[in-house]
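S.K.: The numbering used here puts the last residue of the sequence shown at 762; the count rises by one with no breaks.
Ideal Cβ placement from N, Cα and C applies to all residues, glycine included.
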Amino acid sequence: MKKLLITGGAGYIASHTNIECLASGFELVIVDNFCNSSIEAVKRVEKLAGKKVTFYEADIRDQDALEEVFKKESDIEGVIHFAALKAVGESVQKPLEYYENNISGSLVLYKVMRKYGVKNIVFSSSATVYGDPEKIPVDETARIGATNPYGHTKVMMEQILMDAAKAENWNVVILRYFNPVGAHDSGTIGEDPEYPNNLLPFISQVAAGIREKVVVFGNDWPTPDGTGVRDYIHVVDLATAHVKALQYIDKNPGVHVLNVGTGQGYSVLDMIKAFEKVCGHKIPYEIGPRRDGDVAEVLADPSLAVKELGWKAMYGLDDMVSSAWKWQSMNPKGYRG
Ligand code: NAD
Ligand code: UFG
426 MKKLLITGGA GYIASHTNIE CLASGFELVI VDNFCNSSIE AVKRVEKLAG
476 KKVTFYEADI RDQDALEEVF KKESDIEGVI HFAALKAVGE SVQKPLEYYE
526 NNISGSLVLY KVMRKYGVKN IVFSSSATVY GDPEKIPVDE TARIGATNPY
576 GHTKVMMEQI LMDAAKAENW NVVILRYFNP VGAHDSGTIG EDPEYPNNLL
626 PFISQVAAGI REKVVVFGND WPTPDGTGVR DYIHVVDLAT AHVKALQYID
676 KNPGVHVLNV GTGQGYSVLD MIKAFEKVCG HKIPYEIGPR RDGDVAEVLA
726 DPSLAVKELG WKAMYGLDDM VSSAWKWQSM NPKGYRG
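Shown next as structure tokens:
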């Protein structure tokens with residue numbers, strides 16, 4: 426495979442993945458509608474990589490626009506499908522928008538791939554498909570049971586892709602990400618939420634004085650310090666898993682489902698303490714009520730990805746929080762600054 430279509434290619438995880446793909450010799454065609462990103466991310470990726478990408482501003486639900494891309498870029502051989510809406514809370518408020526964007530977008534993409542004979546795809550799935558897991562760590566055979574509309578869209582997107590892959594003989598890697606955090610070590614690309622939904626960008630903004638304090642969602646969970654435990658993974662480690670997945674499907678046809686996590690858990694208080702160490706001052710926090718839909722602990726069993734892809738997470742907690750802080754400090758207004 427040489428030339429790839431990257432849907433949602435201006436987003437947080439895609440930007441980091443684009444860097445790794447360009448470094449590995451892939452040519453990239455990016456499609457994004459900027460509903461949660463900015464062209465600045467694409468420009469910075471080009472600058473960092475020292476290479477150009479081809480960019481189309483388009484919504485993947487627009488079949489004509491997507492077909493134009495496949496016609497113009499007739500030698501696309503593989504796709505990484507990142508484009509989706511991803512905020513759990515918002516998905517509860519606006520389920521129809523989430524189903525419309527994530528499901529319709531995927532259906533159009535898969536139909537256009539079929540029409541243009543593109544058979545290789547890596548798909549961004551999520552640990553959210555496991556809901557509240559019965560057993561920790563979670564392996565890929567665990568029961569699927571999403572607990573919110575966003576999670577349901579990921580379960581459905583996986584299922585549609587698996588069915589299409591079977592009918593069309595596609596080669597697929599479904600990557601179930603655990604909790605991606607951190608940023609590129611240059612400090613020039615990173616996560617840029619206006620209002621953060623997730624813990625680490627929230628801590629970052631409190632550390633930078635943009636927000637007053639972190640609210641810890643419960644300290645009465647059945648975990649060592651009572652706060653929620655998650656499997657945080659450095660976004661650059663996650664990015665390299667995509668390159669390995671692309672190389673893997675070249676030699677291993679069929680459908681593969683892989684967890685991408687570290688297997689190591691950290692609590693909310695661990696994350697706050699680690700951040701205090703890198704930013705050099707206290708991070709104000711208070712204990713609040715549990716957040717609806719949260720679970721005590723989610724940890725990956727990443728051994729299948731390690732075995733099949735020859736991939737392993739290289740970065741630890743210090744790298745995750747220090748890179749997040751570097752990005753925050755260098756870009757107080759994100760890509761808008
Ligand atoms: P992101 O919002 O930064 O990236 C998604 C990109 O897709 C954005 O640039 C957005 O503008 C684009 N997009 C959305 N709908 C589109 C459409 N219809 N047409 C064209 N472009 C569209 O999010 P991210 O964190 O980089 O997530 C990337 C993928 O990984 C998503 O599929 C997400 O569900 C999945 N994921 C993310 C996390 C996480 O915690 N960040 C965890 C698990 C899985
Ligand atoms: N938390 C707080 N305060 C905050 C934000 C989060 O205490 O302000 C806690 C949560 O209760 C949880 C932990 O920090 O215990 C992590 O919460 P995040 O919101 O960062 O991450 P989640 O594990 O809840 O969910 C994220 C994504 C999901 C995805 C999942 C697994 O939001 O879409 O990771 O990939 F499915």
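1) Taking the beta strand (DSSP E) that Ser499 falls in, what are its first and last residues?
2) So, helix, strand or coil for Phe480, using DSSP?
3) Could you tell me whether the stretch 516-533 touches the stretch 444-452, using the rule of 3 or more Cβ pairs below 8 Å?
4) Take every Cβ of the stretch 686-701, pair it with every Cβ of the stretch 656-669, and state whether three or more of those distances are shorter than 8 Å.
5) Using the C-alpha atoms, what's the distance from Phe548 back to Lys732?
6) May I ask you to list the residues that DSSP assigns as paired with Ile561?
7) From the DSSP output, which residues share a beta bridge with Ala725?
8) Sort Arg636, Leu429 and Tyr740 by Cα distance to Gly607 and report the nearest one.
9) With 16 other CB atoms within 10 Å as the buried threshold, where does Cys460 fall?
10) Consider the C-beta atom of Pro605 and the heavy atoms of the ligand SAM; say whether any pair is separated by less than 7 Å.
11) Would DSSP call Val639 helix, strand or coil?
12) Would you say the beta carbon of Arg568 is closer than 7 Å to some non-hydrogen atom of the ligand UFG?
13) Strictly by DSSP, which residues pair up with Met428?
14) Give me the Cα-Cα distance between Asp743 and Lys579, rounded to the nearest whole angstrom.
15) Return helix, strand or coil for Leu510, following the three-state DSSP convention.
16) How many angstroms separate the CA atom of Val454 from the CA atom of Tyr481?
17) State the CB to CB distance for the pair Ile438 and Leu663, rounded to an integer number of angstroms; the pair is presumed to be in contact (CB under 8 Å).
18) With a threshold of 16 other CB atoms inside 10 Å of the CB of Arg486, please say whether the residue is buried or exposed.
19) What does Pro605 pair with, by DSSP beta-bridge criteria?
20) When you compare the CB positions of Gln488 and Val533, do they come within less than 8 Å of one another, or not?
21) Any contact of the stretch 635-649 with the stretch 708-725, i.e. 3+ C-beta pairs under 8 Å?
22) Is the CB-CB distance between Arg601 and Val682 below 8 Å?
23) Under the criterion of a Cβ to heavy atom distance below 7 Å, does Tyr602 qualify as lining the ligand NAD?
24) CA-CA distance, Ile628 and Cys704?
25) Could you round the C-beta distance between Ala633 and Pro757 to whole angstroms and report it? I think they count as a contact, below 8 Å.
26) For the stretch 573-588 against the stretch 662-676, do three or more pairs of beta-carbon atoms, one drawn from each stretch, fall closer than 8 Å, so that the two count as touching?
27) Measure the Cβ-Cβ separation of Ile464 and His609 and say whether it is below 8 Å.
28) Counting only the same chain and skipping the five closest in sequence on each side, list residues whose C-beta sits under 7 Å from that of Ile708.
29) I'd like to check one pair, Gly759 with Asp564: are the Cβ atoms closer than 8 Å?
30) Ignore the nearest five residues each way along the sequence and tell me which others in Ala509's own chain have a CB closer than 6 Å to its CB.
31) Could you give the DSSP three-state label for Asp744: helix, strand or coil?
32) Check whether the Cβ of Thr432 sits closer than 7 Å to any heavy atom of the ligand NAD, and report yes or no.
M.R.: Straight from the coordinates:
1) Residue numbering aside, residue 499 sits at position 74 when the sequence shown is read from its first letter. Unbroken run through Ser499: none, as it is neither H nor E.
2) As a working mapping, residue 480 is identified with position 55 in the sequence shown. Here Phe480 sits in strand by DSSP.
3) no
4) yes
5) Position 307 of the sequence shown, counting from 1, holds the residue named residue 732. Position 123 of the sequence shown, counting from 1, holds the residue named residue 548. Each residue's Cα considered, the two are about 19 Å apart.
6) The residue labelled residue 561 in the question sits at position 136 within the sequence shown. DSSP output for Ile561 lists no bridge partner at all.
7) Taking the sequence shown and counting its residues from 1, one reaches residue 725 at position 300. Val563, per the DSSP bridge assignment.
8) As a first step, residue 607 must be located in the sequence shown, where it is residue number 182. Here the closest residue by C-alpha is Tyr740.
9) Locating residue 460 in the sequence shown gives position 35, counting from the first residue. Per the 10 Å Cβ criterion, exposed.
10) Absent from the structure shown: the ligand SAM. Ligands present: the ligand NAD and the ligand UFG.
11) As a position in the sequence shown, residue 639 is number 214, starting the count at 1. The answer is strand: DSSP assigns Val639 an E or B state.
12) Residue numbering aside, residue 568 sits at position 143 when the sequence shown is read from its first letter. No, Cβ of Arg568 sits at least 7 Å from all heavy atoms of the ligand UFG.
13) By 1-based counting over the sequence shown, the position of residue 428 is 3. Looking at the sequence provided, one finds Lys at residue 428 rather than Met. In the DSSP output, where bridge partners are listed per residue, Lys428 has Glu452.
14) For the purposes of this step, residue 743 is taken as the residue at position 318 of the sequence shown. For the purposes of this step, residue 579 is taken as the residue at position 154 of the sequence shown. Approximately 30 Å, taken between the alpha carbons.
15) Locating residue 510 in the sequence shown gives position 85, where the first residue counts as 1. Looking at Leu510 - three-state DSSP - the assignment turns out to be coil, as it is neither helix nor strand.
16) On the sequence shown, residue 454 is found 29 positions in, with the first residue counted as 1. On the sequence shown, residue 481 is found 56 positions in, with the first residue counted as 1. Approximately 8 Å between the Cα atoms of the pair.
17) Along the sequence shown, one-based indexing puts residue 438 at 13. Along the sequence shown, one-based indexing puts residue 663 at 238. So it is a contact: roughly 6 Å between Cβ atoms.
18) Position 61 of the sequence shown, counting from 1, holds the residue named residue 486. Result: buried.
19) Within the sequence shown, the letter at position 180 stands for residue 605. Per DSSP, Ile658.
20) By one-based count along the sequence shown, residue 488 stands at place 63. By one-based count along the sequence shown, residue 533 stands at place 108. Their beta carbons are under 8 Å apart, which means Gln488 touches Val533 by this criterion.
21) yes
22) Taking the first residue of the sequence shown as position 1, residue 601 is located at position 176. Taking the first residue of the sequence shown as position 1, residue 682 is located at position 257. Yes; because the gap between Cβ atoms is below 8 Å, this pair is in contact.
23) As a working mapping, residue 602 is identified with position 177 in the sequence shown. Yes, the Cβ of Tyr602 comes within 7 Å of a heavy atom of the ligand NAD.
24) Here the question's residue 628 lines up with position 203 in the sequence shown. Here the question's residue 704 lines up with position 279 in the sequence shown. So the two alpha carbons sit approximately 11 Å from each other.
25) Along the sequence shown, read from residue 1 onward, the residue named residue 633 stands at position 208. Along the sequence shown, read from residue 1 onward, the residue named residue 757 stands at position 332. That belief holds up - the Cβ atoms of Ala633 and Pro757 are roughly 6 Å apart, short of 8 Å.
26) no
27) In the sequence shown, the residue the question calls residue 464 occupies position 39. In the sequence shown, the residue the question calls residue 609 occupies position 184. Not a contact, by the Cβ cut-off of 8 Å.
28) Numbered from its first residue, the sequence shown carries residue 708 at position 283. Once the five neighbours on either side are set aside, the close Cβ partners of Ile708 are Ile628, Val631, Ala632, Val639, Ile697, Phe700 and Glu701.
29) Residue 564 sits at position 139 when you count from the first residue of the sequence shown. Residue 759 sits at position 334 when you count from the first residue of the sequence shown. No. Outside cutoff.
30) What you label residue 509 is simply residue 84 of the sequence shown in a count that begins at 1. Contacts found: Asn527.
31) As a working note, residue 744 is residue 319 in the sequence shown. DSSP places Asp744 in helix when its eight states are reduced to three.
32) The residue you call residue 432 lines up with position 7 of the sequence shown. At least one heavy atom of the ligand NAD is nearer than 7 Å to the Cβ of Thr432, so yes.
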